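Remarks on the structure that follows.
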Amino acid sequence: MSALRFVLGDQLTRSIPTLNGLDPAADVVLMAEVMDEATYVPHHKQKIAFLFSAMRHFADGLRAEGVKVDYVRLDDEGNTGSFTGELERAARRHLPDAVFVTEPGEYRVAEEIDGWRTRFNVPIHVRPDDRFFCSTVDFARWAEGRKSYRMETFYRSMRERTGLMMKGGAPEGGRWNFDADNRKAWPPGETPPQRLRFAPDEATREVIDLVERRFPKHFGTLDDFGWGVTREQALASLDDFATRCLPSFGDYQDAMRAGEPFLYHATLSPYINAGLLTAREVVDRAIREYEAGRVPINAAEGFLRQILGWREFIRGVYWHRMPEYKDGNALGAARSLPTFYWTGDTPMNCLHNAIEDTKRQAYAHHINRLMVTGNFALIAGIAPAEIEEWYLVVYADAYEWVELPNVHGMATFADGGLMSSKPYAGGGAYIDRMSDYCKGCSYSPKVKSGPKACPFNYLYWAFLIRNAPKLQHNARMAMPYRTLARWDDKRKAGLVAEADAFLDSLPTGYP
Ligand code: FAD
Ligand code: DLZ
Ligand code: SF4
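Here numbering that gives the first Met the number 0 is used: the first residue of the sequence shown is 0, the next is one more, and so on.
Written as structure tokens, this is what we have:
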């Protein structure tokens with residue numbers, strides 16, 4: 000019996016179920032760089048370079064173990080450009096008795112794999128992805144009977160189920176959530192630690208050339224490429240984060256700073272999502288640091304909540320609600336994406352910084368994604384499909400299973416509150432409190448209307464006015480709607496006109 004084992008680009012984990020039971024004498028591992036995956040959205044150049052290089056190194060690692068790997072490079076003659084086409088060619092080369100693959104991370108690819116059962120004349124075994132704490136089946140069980148899903152409730156059930164940071168059936172430290180301690184602004188004068196970046200090795204340099212040659216018009220630059228591309232480098236990044244950043248991770252989780260994209264954040268999401276690190280080992284390491292007394296509880300619990308809570312919750316929502324999930328547009332948002340999302344060319348300094356960081360690093364931390372680029376898209380009423388595609392393109396960690404609920408649910412409320420109790424909308428005051436962006440901006444967060452006014456201010460109020468029929472009865476929105484109720488119609492109409500004029504003045508589309 001010989002098996003063909005197809006490892007996809009975000010399944011670079013040695014223990015991936017595809018490889019369970021591998022017989023090095025008889026089996027072949029298939030890996031393929033294909034145009035379909037590189038272009039179904041025009042990914043950031045760094046994302047393609049990171050993944051191709053990581054795939055090549057993973058294949059080398061298997062070969063070093065004596066495993067036969069059939070690795071198809073993008074430029075190889077005859078490359079059909081699709082997973083299906085490459086499986087078909089490989090099946091002709093190796094005549095396997097069976098094909099093994101692990102469930103993919105995207106619905107689109109799951110549908111493609113479904114088609115293999117009728118297309119190919121060999122048994123196709125699709126194994127569940129066991130790299131998550133909560134299986135899709137367990138999430139469905141948890142979600143059953145609920146009209147809406149709340150991360151906090153899910154997270155508590157996961158803490159109880161896994162026993163992580165639990166003591167005698169109760170949460171460690173007596174509280175489930177230490178978030179209230181995690182909202183400090185960045186202290187003036189404090190310099191964040193230099194982060195571990197990796198100079199591209201020969202394989203990465205070769206891939207960088209390939210990406211420049213084949214995808215010259217894709218978003219972003221490769222100039223600052225510093226991602227690790229091997230398991231060893233990913234482990235070194237985890238170690239670096241755990242020892243130098245995790246102790247302060249909680250305190251400054253929400254802070255933003257011009258020219259400093261990383262602060263104390265983990266910058267581990269590309270590694271975890273591609274499989275170079277597992278969620279389990281990342282969480283175990285954080286808890287070990289806490290138990291050794293090197294990390295305070297607000298940091299350890301805050302970090303655990305991101306992975307055991309948010310990451311698992313987001314994935315559960317995606318698989319439970321797809322494919323319909325994508326179609327919702329609860330707030331009827333219909334504007335096109337402004338061109339500055341691609342160029343960074345805007346006088347709004349917060350957006351300029353968040354987008355420039357994104358171009359240079361294929362990274363921005365959570366609050367930049369949620370409260371700067373996401374918040375603007377929400378209050379400007381950008382069409383969900385356009386802003387979702389942007390997020391899928393621009394980050395090295397973006398795969399639809401994790402991007403979509405974060406954008407469609409959390410940032411833009413396009414799912415009508417299925418996973419958030421209120422929209423994450425804010426004016427300039429929030430950004431001013433949590434960053435130094437406003438100091439370098441030609442607008443002022445303190446001015447509410449007129450040419451000096453921070454656009455987030457009038458866009459915020461115009462958003463509330465436009466969406467009043469849908470949002471004014473939401474108990475968590477009561478405060479701003481009470482304020483609005485005190486304003487006369489003329490004032491409100493003036494704000495809406497100012498917001499519309501501003502949005503109408505913005506060029507839209509890919510440059
Ligand atoms: P840290 O802030 O240090 O957090 C640690 C880890 O927790 C992350 O590495 C990640 O694995 C996990 N995590 C934290 N928050 C989330 C979350 N909301 N969803 C899933 N995992 C989470 N994350 C992605 O991995 N891919 C995406 O495409 C993506 N798109 C996003 C889009 C929007 C609009 C928003 C608001 C968030 C998005 N996130 C996405 C979640 C989060 O912003 C990133 O995981 C995080 O910024 C990655 O950086 P880090 O490793 O430094 O994370
Ligand atoms: C994101 C990506 C890219 C850019 N290229 C490839 C590729 O050439 N070959 C591959 O196996 N995977 C790639 N990926 C990751 C896939 O898009 C990902 O595995 C699927 O979306 C399933 O999650
Ligand atoms: Fe952003 Fe407004 Fe601050 Fe300028 S003033 S940086 S637009 S929040």
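Heads up, the beta-carbon is just placed ideally off N, CA and C, and yes, glycines get one too.
The structure displayed is predicted, hence computed values, not measured ones.
Which class does T357 belong to by DSSP, given the choice of helix, strand or coil?
In the sequence shown, counting from the first residue as 1, residue 357 sits at position 358. Three-state DSSP puts T357 in a helix.
With 16 as the cutoff for other CB atoms within 10 Å, does T266 come out buried or exposed?
Sequence index remark: in the sequence shown, residue 266 carries index 267 (1-based). Buried: at least 16 other Cβ atoms inside 10 Å.
Close-in-space but distant-in-sequence residues of the same chain around H364 (CB under 6 Å, 5 per side omitted)
Position 365 of the sequence shown, counted from the first residue, corresponds to residue 364. The residues are H264.
Boundaries of the alpha helix (DSSP H) in which H93 is found, first to last residue
By 1-based counting over the sequence shown, the position of residue 93 is 94. Run containing H93: F82 to H93, per the alpha helix (DSSP H) assignment.
Taking the alpha helix (DSSP H) that V401 belongs to, which residues open and close that run?
As a first step, residue 401 must be located in the sequence shown, where it is residue number 402. Here the alpha helix (DSSP H) through V401 covers E399 to L403.
Starting from Y289 and walking both ways along the alpha helix (DSSP H), at which residues does that stretch end?
Your numbering for residue 289 matches position 290 in the sequence shown. From DSSP, the alpha helix (DSSP H) with Y289 extends over A278 to E290.
For S268, count neighbouring Cβ atoms within 10 angstroms of its own Cβ and tell me buried if that reaches 16, exposed if not.
Taking the first residue of the sequence shown as 1, we reach residue 268 at position 269. It counts as buried.
By how many angstroms is the C-alpha of R213 removed from the C-alpha of P41?
Along the sequence shown, read from residue 1 onward, the residue named residue 41 stands at position 42. Along the sequence shown, read from residue 1 onward, the residue named residue 213 stands at position 214. If I take the Cα positions, the gap works out to 11 Å.
Using 8 Å as the threshold, is the C-beta distance between Y317 and D414 below it?
Here residue 317 refers to the residue found at position 318 of the sequence shown. Here residue 414 refers to the residue found at position 415 of the sequence shown. Not a contact, by the Cβ cut-off of 8 Å.
Could you check whether the Cβ of R432 sits closer than 7 Å to any heavy atom belonging to ligand 1?
Here residue 432 refers to the residue found at position 433 of the sequence shown. Answer for R432: no, Cβ out of range of ligand 1.
Suppose contacts are defined by Cβ-Cβ distances below 8 Å. Is A233 in contact with S52 by that definition?
One-based indexing of the sequence shown puts residue 233 at position 234. One-based indexing of the sequence shown puts residue 52 at position 53. Cβ distance not < 8 Å, so A233 and S52 don't count as in contact.
Given this structure, state the Cα-to-Cα distance separating F302 from N120, to the nearest angstrom.
Counting from 1 along the sequence shown, the entry for residue 302 is found at position 303. Counting from 1 along the sequence shown, the entry for residue 120 is found at position 121. Rounded to the nearest angstrom, the two C-alpha atoms are 46 Å apart.
Compute the Euclidean distance between the alpha carbons of F248 and A89, then round it to the nearest angstrom.
Sequence index remark: in the sequence shown, residue 248 carries index 249 (1-based). Sequence index remark: in the sequence shown, residue 89 carries index 90 (1-based). If you take the alpha carbons of F248 and A89, they lie about 46 Å apart.
Return the Cβ separation of I313 and V282 in integer angstroms, given the expectation that the two are a contact with Cβ distance under 8 Å.
Here residue 313 refers to the residue found at position 314 of the sequence shown. Here residue 282 refers to the residue found at position 283 of the sequence shown. The pair is not a contact, with the Cβ atoms about 16 Å apart (cut-off 8 Å).
By how many angstroms is the C-alpha of S420 removed from the C-alpha of D208?
The sequence position of residue 208 within the sequence shown is 209, counting from 1. The sequence position of residue 420 within the sequence shown is 421, counting from 1. The straight-line gap from Cα to Cα measures roughly 46 Å.
First and last residue of the uninterrupted beta strand (DSSP E) at K67:
For the purposes of this step, residue 67 is taken as residue 68 along the sequence shown, with counting starting at 1. Run containing K67: K67 to V71, per the beta strand (DSSP E) assignment.
May I ask whether a heavy atom of ligand 1 can be found less than 7 Å away from the beta carbon of Q305?
In the sequence shown, the residue the question calls residue 305 occupies position 306. It does: the Cβ of Q305 is within 7 Å (strictly closer) of some heavy atom of ligand 1.
Can you list, in chain order, the residues of its chain with a C-beta nearer than 8 Å to that of V495? Leave out the 5 residues immediately preceding and following it.
Numbered from its first residue, the sequence shown carries residue 495 at position 496. Here the set comprises A461, I464 and R465.
Enclosing alpha helix (DSSP H) for T266 [first to last residue]
If you number the sequence shown from 1, residue 266 lands on position 267. Looking at the DSSP string, T266 is not in any alpha helix (DSSP H), and its letter there is neither H nor E.
Where R230 falls, given that 16 or more other Cβ within 10 Å makes a residue buried
Locating residue 230 in the sequence shown gives position 231, counting from the first residue. Classification of R230: buried, given that the 10 Å Cβ count is 16 or more.
Within the present structure, is the beta-carbon of Y390 separated from the nearest heavy atom of ligand 1 by less than 7 Å?
As a first step, residue 390 must be located in the sequence shown, where it is residue number 391. The answer is yes for Y390.
Distance, Cα to Cα, T117 vs G104?
Here residue 117 is taken as the residue at index 118 of the sequence shown, counted from 1. Here residue 104 is taken as the residue at index 105 of the sequence shown, counted from 1. When rounded, the distance between both Cα atoms is 21 Å.
If contacts are defined as beta-carbon pairs under 8 Å, then G343 and K358 qualify, I think. What distance do you get, rounded to the angstrom?
Stepping through the sequence shown from its first residue, residue 343 is reached at position 344. Stepping through the sequence shown from its first residue, residue 358 is reached at position 359. Right, their Cβ atoms sit about 6 Å apart.
Find out if the Cβ-Cβ distance for the pair Y390, A382 is shorter than 8 Å.
For this step, residue 390 is matched to residue 391 along the sequence shown. For this step, residue 382 is matched to residue 383 along the sequence shown. The answer is no: Cβ separation not under 8 Å.
Residue burial classification, Y39 (beta-carbon count within 10 angstroms, cutoff 16)
Residue 39 sits at position 40 when you count from the first residue of the sequence shown. When all chains shown are included, Y39 counts as exposed.
DSSP three-state call for M30: helix, strand or coil?
Counting from one through the sequence shown, the residue named residue 30 turns up at place 31. Residue state, collapsed to three classes: strand.
Helix, strand or coil for T12 per DSSP?
Stepping through the sequence shown from its first residue, residue 12 is reached at position 13. Residue state, collapsed to three classes: coil.
Quick check for students: name the residue ranges of the alpha helix (DSSP H) that lie wholly in the stretch 166 to 221, counting only runs of 4 or more.
201 to 213
Alpha carbon to alpha carbon, how far is P404 from R126?
Here residue 404 refers to the residue found at position 405 when the sequence shown is read from its first residue. Here residue 126 refers to the residue found at position 127 when the sequence shown is read from its first residue. P404 and R126: Cα-Cα distance of roughly 24 Å.
My understanding is that Q45 touches W226, with C-beta atoms under 8 Å, so please give their C-beta distance in whole angstroms.
Taking the sequence shown and counting its residues from 1, one reaches residue 45 at position 46. Taking the sequence shown and counting its residues from 1, one reaches residue 226 at position 227. With 8 Å as the limit, Q45 and W226 qualify as a contact, their Cβ atoms being about 7 Å apart.
Between F132, S443 and E36, which lies nearest to R160 when the distance is taken from Cα to Cα?
As a working mapping, residue 160 is identified with position 161 in the sequence shown. Among F132, S443 and E36, the Cα nearest to that of R160 belongs to F132.
Same chain only: Cβ atoms within 6 Å of A99, ignoring 5 sequence neighbours per side:
Locating residue 99 in the sequence shown gives position 100, counting from the first residue. Looking at the sequence itself, residue 99 is Phe, so the reference to Ala does not match. Result list for F99: A2, R4, T17 and H124, in chain order.
Select from G8, G274, N272 and F240 the residue whose C-alpha is nearest the C-alpha of F261.
Working through the sequence shown from its first residue, we reach residue 261 at position 262. Closest by alpha carbon: F240.
Roughly how many angstroms lie between the CA atoms of I296 and E290, to the nearest whole one?
Along the sequence shown, read from residue 1 onward, the residue named residue 296 stands at position 297. Along the sequence shown, read from residue 1 onward, the residue named residue 290 stands at position 291. Whole-angstrom Cα-Cα distance: 9 Å.
Pair every Cβ in the stretch 77 to 88 with every Cβ in the stretch 28 to 39, then say whether three or more of these pairs are closer than 8 Å.
yes
Does the count of Cβ pairs from the stretch 430 to 442 and the stretch 329 to 342 closer than 8 Å reach three?
no
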